[in-house]
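For reference, the structure is listed below as structure tokens.
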Amino acid sequence: MALSRRQFFTLAGTGMTGALLLAPLQAVYQKQASATLPYGSLKPDPNGILDLPAGFSYTRLSETGQLMTDGYPVPGGHDGMAAFAGNNGTTILVRNHELDAIAPTLVRAPHDKRYDARGRGGTTTLVMDANHRLISHFGSLAGTDRNCAGGATPWGSWLSCEESVERGDQKHGYVFEVPSRATQFVDPIPLRAMGRFRREAVAVDARGDIYMTEDREDGLLYRFVPTEPGHLRAGGVLYALKLVDMPQAITRSGFPLQQPMAVEWVQINVPDPDSDSVRVEGFNKGAAQFARGEGMINGNGEIYFCCTSGGRTGEGQIWRYLSARSTLELYLEPENASVLDNPDNIVMAPNGDLFVCEDGDGTDSIIGITPTGSLYPFAKNALNTAEFAGVCFSPDGQTMFVNIQTPGMTLAIWGPWSR
């Protein structure tokens, strides 16, 4: 039974959770997964911005073109983001701006704080009070290129990643670290030992090792083992994931769901090449290829990451790496854009559900995934067809933050999460 996107949200809107909705989802996901709606059906937003379940509210923060506290305008291309605890009950957001050389806006900064005079991307930092009111927002990294995703560290910084290996006045394709407590532009220092490639997202495990996705159709999954955990400028060693029993695996399709596969890591000897060759070296050593690795999160000691164009139909996959067992498994492969359309940024909620931002054609949504594999719509972009990005939770777990990438808008969402 084919289930169109309109049918899916229509059924979700009625709150139907029985056999009518269960049967199609079982066919799609090849597992027993009840399509319950833990927060209820979506309600149309009278302001035409964000459809949410009843009881949930949102506010708009730091939109493109507004004047920031430092006197510069808010850039466009709102993308990856993380939330940190600030002083006196405040929440700090560090937000990426995926802007390249031809973008209509840029992260403006003093010349001596720009990594590359031609780079238009970077990060901005937002500080909010406990009532979701914006206290200040200002630039924190500038002169980089296509800062798409990244990840938070346990030591309180944001790792901003360049999804580009283009050359301007400088080489690009690096990670830049932005402390969450920074109150002005940081010195833009590329972490070259972590590799030069079209990096998307990062996740940090309990040891301080850093996992990274690569947004290419033949991208790899990387692991950086720092010489000094928590001090990335001290260097370290870069590795790529290899399936023990399947060297040079092409993981786009043909893998069973939730079947653990043994993993080993091959060392990358030239992490900072002049050409875009890191993934070539890794694959030649047996590393597995992943179809456009994007969002990534460490949830309860498990690393989840999305492959936006993976799957037999190209609608996306979600993989899970268990570092304690050194195994990898395909967690979800919907093969149906009406249910999950090209998953991108991902976060784990305090209750253990995953929330995934769609980056597909047409209207995009935030989709929830329960620990048992049940999927449900949580929010829908009622404004336009731009993607959601940067989904994250406040340190107390009571507020979700997310971006609409274009025209560039950060949203704070709160409500009855315990429901």
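Numbering that gives the first Met the number 0 puts the sequence shown at residues 0 to 418.
Even glycine gets a Cβ: it sits at the ideal position worked out from N, Cα and C.
Residue i vs residue j beta-carbon contact at 7 Å
i	j	result
Ser139	Gly155	no
Gly309	Arg215	no
Arg291	Cys306	yes
Ala385	Gln404	yes
Glu314	Pro333	yes
Arg222	Asp208	yes
Gly414	Phe55	yes
Gly218	Arg132	no
Val203	Ala239	no
Glu293	Glu199	yes
Gly172	Leu158	no
Arg191	Asp271	yes
Thr409	Ser61	yes
Thr369	Asp395	no
Buried or exposed (CB count within 10 angstroms, at least 16 for buried), residue i
i	result
Ile101	exposed
Ala26	Per-residue confidence for Ala26 stands at a pLDDT of 36, beneath the threshold of 50, marking its modelled position as unreliable; the derived number appears in the next sentence. Its Cβ having fewer than 16 others within 10 Å, Ala26 is exposed.
Ala84	exposed
Tyr66	The question names Tyr, yet the displayed sequence has Leu at residue 66. Leu66 comes out exposed.
Asp168	exposed
Asn46	exposed
Gln258	exposed
Ala248	buried
Ile188	exposed
Glu227	exposed
Glu280	buried
Asn402	buried
Val355	buried
Euclidean distance between Cα positions of residue i and residue j
i	j	result
Ala129	Thr152	23 Å
Thr143	Asp363	27 Å
Trp416	Tyr38	8 Å
Pro406	Thr63	6 Å
Leu331	Lys170	36 Å
Arg195	Arg166	12 Å
Leu339	Val346	15 Å
Val185	Leu51	36 Å
Leu125	Pro255	42 Å
Ser163	Asn344	18 Å
Ser337	Ile317	16 Å
Phe175	Thr122	10 Å
Leu237	Ala287	15 Å
Thr182	Thr90	14 Å
Leu105	Met295	26 Å
Tyr28	Thr58	Here the model assigns Tyr28 a pLDDT of 40, short of 50, so the residue's position is not dependable and the matter cannot be decided.
Lys42	Val262	44 Å
One or two residues paired with residue i in a DSSP bridge
i	result
Gln266	Tyr238
Ile296	Tyr303
Lys170	Arg166
Val126	Ile91 and Ser135
Tyr320	Ile302 and Leu327
Cys356	Ile365
Leu374	Ile368
Neighbour flag for residue i against chain D, beta carbons, 7 Å
i	result
Thr312	As a matter of chain content, chain D is missing from the structure shown, which is built from one protein chain.
Residue i beta carbon near the ligand NAD (any heavy atom closer than 6 Å)
i	result
Phe254	Ligands are entirely absent from the displayed structure, and the ligand NAD is therefore not among its contents.
| Would the segment 107-122 and the segment 381-389 be scored as touching if the rule is three or more Cβ pairs under 8 Å? | no
| task | Spell out a yes or no on whether the segment 91-109 and the segment 72-80 are touching, meaning 3 or more CB-CB pairs, one atom from each, closer than 8 Å. | result | yes
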